[in-house]
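Remarks on the structure that follows.
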Amino acid sequence: MEFGNHNVIQYDHEKAKDLVGLLDDEPQFIFEAHSTDYQGRRPLRELVDDGCGILKVGPELTFALREALYTLDLIASDLLPEYGRRPLYTTMEGLMSA
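Below, the structure is given as structure tokens:
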């Protein structure tokens, strides 16, 4: 149950059986799965069935959201002179660089 910087490893229900079995002895716990936006429908279903009660999205959704907001910022800059020159982009890039 892992992923890397340069590859995506699909969740494999069979390989996780021993880990998932631990929840039988500890029913008050659930698993948290990270970067699930790279998983397909079947692996997502299996993650839930195997006790992953929290499915966190990761870099793909974050990147897409940021790009969409930057595009809206650019459109507003082009259409509304009083809006300013890409204030959202300028602020976010400054914060991320800091």
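With this note's numbering, letter number 18 in the sequence shown gets 1225, and the count goes up by one each step, no holes. All C-beta atoms, glycine included, are put in the ideal place defined by N, C-alpha and C. All values reported here derive from a predicted model rather than from experimental measurement.
For residue i, which residues from the same chain have a beta carbon less than 8 Å from its beta carbon, with the 5 sequence-adjacent residues on both sides left out?
{"i": "E1253", "result": "Y1218 and H1220"}
Just how far apart, CA to CA, sit residue i and residue j?
{"i": "L1272", "j": "L1226", "result": "33 Å"}
{"i": "P1250", "j": "E1300", "result": "34 Å"}
{"i": "F1270", "j": "A1223", "result": "29 Å"}
{"i": "Y1290", "j": "F1238", "result": "44 Å"}
Using a Cβ-Cβ cut-off of 7 Å (strictly less than) and excluding sequence neighbours within five positions of residue i, which residues of its own chain qualify?
{"i": "R1292", "result": "S1284"}
Could you give the first and the last residue of the continuous alpha helix (DSSP H) run that contains residue i?
{"i": "I1237", "result": "That residue, I1237, is in no alpha helix (DSSP H); it is neither H nor E in DSSP."}
{"i": "G1228", "result": "K1224 to D1232"}
Starting from residue i, follow the beta strand (DSSP E) in both directions and report where the run begins and ends.
{"i": "G1260", "result": "C1259 to L1262"}
Quick check on DSSP: helix, strand or coil for residue i?
{"i": "R1292", "result": "coil"}
{"i": "E1221", "result": "coil"}
Let me check understanding here. Comparing Cα to Cα, which of the options lies closest to residue i?
{"i": "T1297", "options": "E1289, L1281 and D1256", "result": "L1281"}
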